[in-house]
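Just so you know, we're using my numbering here: the sequence shown kicks off at 318 and counts up by one. Note that the Cβ used here is the ideal one computed from N, Cα and C, for glycine as well.
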Amino acid sequence: MQLLDWPFLDALQTGALAALFVSFGSDAITRRDKMMGWLSITCFLVGLRHATLAIGTMPAMNPDLVDRAQSLEVALGFITLCLALTNLFPKHVPPAFPAWVALGLVPNFIRNLMLAHPGFWDSLLHNAANLTYLAGCGLMIIWTLKAHQDRDPMGRRLFLGFLGLTLPVVVEIVALSLFDLKIRLSGFSLMILAMAIGTSWQWLAVNSMESRIHAAESEVEVWRSLVPGHAFRTDRPSASMAALFGPSWADRIKAVPEAHLLGSDGATYRVSSRPLHQGERIGWYLRQEDTQPGHHGFLSGWTVGLGLDDPEEHARIHDLLKGWGADVHVWGTVPPREGPYPSVLVWAREPSILAVWREDDLLRRRTRWIQIGGPNTKGPHARLEPGAAQEVIQLALEQLLSRR
Numbered sequence: 318m319q320l321l322d323w324p325f326l327d328a329l330q331t332g333a334l335a336a337l338f339v340s341f342g343s344d345a346i347t348r349r350d351k352m353m354g355w356l357s358i359t360c361f362l363v364g365l366r367h368a369t370l371a372i373g374t375m376p377a378m379n380p381d382l383v384d385r386a387q388s389l390e391v392a393l394g395f396i397t398l399c400l401a402l403t404n405l406f407p408k409h410v411p412p413a414f415p416a417w418v419a420l421g422l423v424p425n426f427i428r429n430l431m432l433a434h435p436g437f438w439d440s441l442l443h444n445a446a447n448l449t450y451l452a453g454c455g456l457m458i459i460w461t462l463k464a465h466q467d468r469d470p471m472g473r474r475l476f477l478g479f480l481g482l483t484l485p486v487v488v489e490i491v492a493l494s495l496f497d498l499k500i501r502l503s504g505f506s507l508m509i510l511a512m513a514i515g516t517s518w519q520w521l522a523v524n525s526m527e528s529r530i531h532a533a534e535s536e537v538e539v540w541r542s543l544v545p546g547h548a549f550r551t552d553r554p555s556a557s558m559a560a561l562f563g564p565s566w567a568d569r570i571k572a573v574p575e576a577h578l579l580g581s582d583g584a585t586y587r588v589s590s591r592p593l594h595q596g597e598r599i600g601w602y603l604r605q606e607d608t609q610p611g612h613h614g615f616l617s618g619w620t621v622g623l624g625l626d627d628p629e630e631h632a633r634i635h636d637l638l639k640g641w642g643a644d645v646h647v648w649g650t651v652p653p654r655e656g657p658y659p660s661v662l663v664w665a666r667e668p669s670i671l672a673v674w675r676e677d678d679l680l681r682r683r684t685r686w687i688q689i690g691g692p693n694t695k696g697p698h699a700r701l702e703p704g705a706a707q708e709v710i711q712l713a714l715e716q717l718l719s720r721r
């Protein structure tokens with residue numbers, strides 16, 4: 318007797334399971350996830366079973382052949398479901414569980430591949446295979462309940478789903494064995510269970526990735542706090558970096574990753590960085606103590622133009638500048654017309670003589686100018702008397718270098 322012999326129900330289950338097969342299969346291939354892979358194969362086999370049942374209603378089809386094919390397909394689908402279960406609950410389901418189920422379904426393979434239908438041995442082996450299905454469903458419920466009690470996140474979310482799966486299977490097996498009623502709606506229960514497993518697995522994967530990302534970010538912050546200097550990322554704004562190196566600090570670092578930058582405090586900083594992504598960089602900077610004011614090389618990296626009338630004063634200041642690490646260019650009494658244009662100018666002339674420079678614009682050239690002696694006129698950034706002490710000259714240079 319056939320109950321609910323509606324081909325469209327089988328076709329509906331086939332379409333739904335085929336969609337799950339494609340979705341889960343794509344996810345399994347993308348993430349190399351064994352559990353999703355076995356679940357995808359399960360959806361394919363059970364969907365193939367319902368497709369066989371739907372096609373089997375056609376008059377030209379052999380009912381016996383259709384029954385054998387669908388029985389083999391559902392047996393293989395149950396085995397792959399057990400394989401998915403071992404990957405879903407590896408701490409609770411024994412790895413040999415799928416092998417036990419496959420061994421218990423040997424009678425089903427024998428009756429469908431070797432025996433004639435119907436018959437005494439056919440019925441006996443069919444009932445033995447049905448007992449394997451019932452035992453397998455019972456073990457699934459027990460292990461899922463144990464995972465639920467152990468506060469396994471998947472066990473807590475899927476216990477009712479596995480319970481709902483087994484009830485239609487049990488009803489279908491009992492109705493077929495005792496009343497010869499064929500109620501083939503287990504595909505719907507598998508579809509619901511597969512959707513529950515898939516969404517729960519995705520939820521677990523997302524939560525796991527989020528927790529790992531949070532842990533990684535926390536670890537990064539700890540490591541950054543241990544870096545012997547101030548850390549930065551060029552893809553993020555930094556008020557301290559902008560205050561120290563100007564608003565274009567990120568572009569300067571990306572242009573010259575391993576550079577020595579002059580800070581607004583007049584100090585030189587060594588920048589170390591590594592590629593991050595899309596041309597951005599991450600790194601830190603260290604203050605070069607041997608280039609700070611009061612130390613031996615605080616003018617390291619600076620070009621200084623020197624032009625004084627008094628040979629002795631010229632030699633004295635020249636030695637001081639060299640001792641502080643400056644690259645000194647001797648001008649004499651007339652500045653060069655075509656440069657080089659130094660960063661700092663120590664000169665004993667009036668501003669009008671600098672008209673030989675193009676555009677006569679010291680601010681545009683960004684040259685700091687210290688005038689030694691001469692009249693008090695507008696133009697120099699600082700003015701010192703001839704014979705100024707070493708400390709006075711050093712203080713004037715430090716003040717100039719601290720300007721942007």
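Leaving out five residues before and five after residue i in sequence, what residues of the same chain have Cβ atoms less than 6 Å from its Cβ?
i      : result
Lys351 : Asn404
Ala576 : Val588
Ala706 : none
Gly649 : Gly624
Asn524 : none
Asp327 : His367, Leu370, Ala371
Can residue i and residue j be called in contact, C-beta distance under 8 Å?
i      : j      : result
Val621 : Asp636 : no
Gly394 : Arg366 : yes
Leu623 : Val651 : no
Asn444 : Ala392 : no
Asp724 : Ala567 : Since the first residue shown for the chain is 318 and the last is 721, residue 724 is missing from the structure and cannot be characterised.
Asp560 : Ser581 : With the sequence shown as reference, residue 560 is identified as Ala, and Asp is not the correct amino acid for it. Yes; because the gap between Cβ atoms is below 8 Å, this pair is in contact.
Gly373 : Gln330 : no
Ala419 : Ile396 : yes
Pro703 : Glu630 : yes
Arg700 : Gln716 : no
Arg633 : Ser660 : no
Phe338 : Cys360 : yes
Asp381 : His434 : yes
Gly421 : Thr449 : yes
Val383 : Leu370 : yes
Pro564 : Ser590 : no
Taking the beta strand (DSSP E) that residue i falls in, what are its first and last residues?
i      : result
Asp626 : Careful: Asp626 lies outside any beta strand (DSSP E) and carries neither H nor E.
Asp381 : From DSSP, Asp381 is part of no beta strand (DSSP E) but of the alpha helix (DSSP H) over 380-405.
Ala576 : 576-579
Asp644 : 644-647
Leu662 : 661-664
First and last residue of the alpha helix (DSSP H) that includes residue i?
i      : result
Val423 : 423-430
Trp460 : 437-466
Ser557 : 556-562
Val651 : Run containing Val651: none; DSSP gives neither H nor E here.
Glu327 : Looking at the sequence provided, one finds Asp at residue 327 rather than Glu. Where Asp327 is concerned, the enclosing alpha helix (DSSP H) stretches over 324-348.
Val732 : Only positions 318 to 721 of the chain appear in this structure, which leaves residue 732 out of reach.
Ala572 : 566-572
Shortest alpha-carbon distance to residue i belongs to which of the options?
i      : options                        : result
Met353 : Cys399, Gln330, Ala328         : Cys399
Trp520 : Thr694, Trp460, Leu475, Leu442 : Leu475
Ile358 : Trp417, Asp344, Arg633         : Asp344
Gly640 : Leu616, Glu630, Leu430, His631 : Leu616
Gly618 : Arg633, Leu578, Ile599         : Leu578
Thr551 : Tyr602, Gly515, Pro380         : Tyr602
Met558 : Asn379, Leu337, Ile599, Thr694 : Ile599
Gly642 : Gln711, Ser440, Asn693         : Gln711
Val663 : Leu714, Pro692, Asn693         : Leu714
Asp467 : Phe562, Val539, Phe406         : Phe406
Ala522 : Ala335, Arg349, Ala336         : Arg349
Trp518 : Met378, Arg529, Phe341, Gly436 : Phe341
Leu456 : Pro411, Asn379, Leu718         : Pro411
Give me, in chain order, the residues of the same chain whose beta-carbon lies closer than 8 Å to that of residue i; leave out the 5 immediate sequence neighbours on both sides.
i      : result
Gly596 : Lys571
Leu442 : Pro424, Asn425, Ile427, Arg428, Leu432
Val709 : Leu701
State the beta-bridge partners of residue i as determined by DSSP.
i      : result
Arg700 : Gln688
Ile358 : None; Ile358 has no bridge partner.
Gly600 : Phe549, Ser590
His409 : For His409, which the question treats as bridged, DSSP gives no partner whatsoever.
Thr585 : Leu579
Thr620 : Asp644
Give every residue of the same chain whose Cβ lies closer than 7 Å to the Cβ of residue i, excluding the five residues on either side of it in the sequence, and list them in chain order.
i      : result
Arg473 : His465
Lys463 : His409
Leu680 : Note that Leu680 has pLDDT 48, beneath the 50 cutoff, so the model's placement of it is unreliable and the number below is only indicative. So the list is empty, once near-sequence residues are dropped.
Arg675 : With a pLDDT of only 45 at Arg675, under the threshold of 50, the placement of this residue in the model should not be trusted; the figure read from the coordinates follows. Answer for Arg675: no residue qualifies.
Asn429 : Arg385, Ser388, Leu389
Ala401 : Met352, Trp355, Leu356, Thr359
Ala723 : This structure gives no information on residue 723, because the portion of the chain shown stretches from 318 to 721.
Does the ligand ZN have even one heavy atom less than 7 Å from the beta-carbon of residue i?
i      : result
Leu662 : Of ligands this structure carries none, so the ligand ZN is not represented either.
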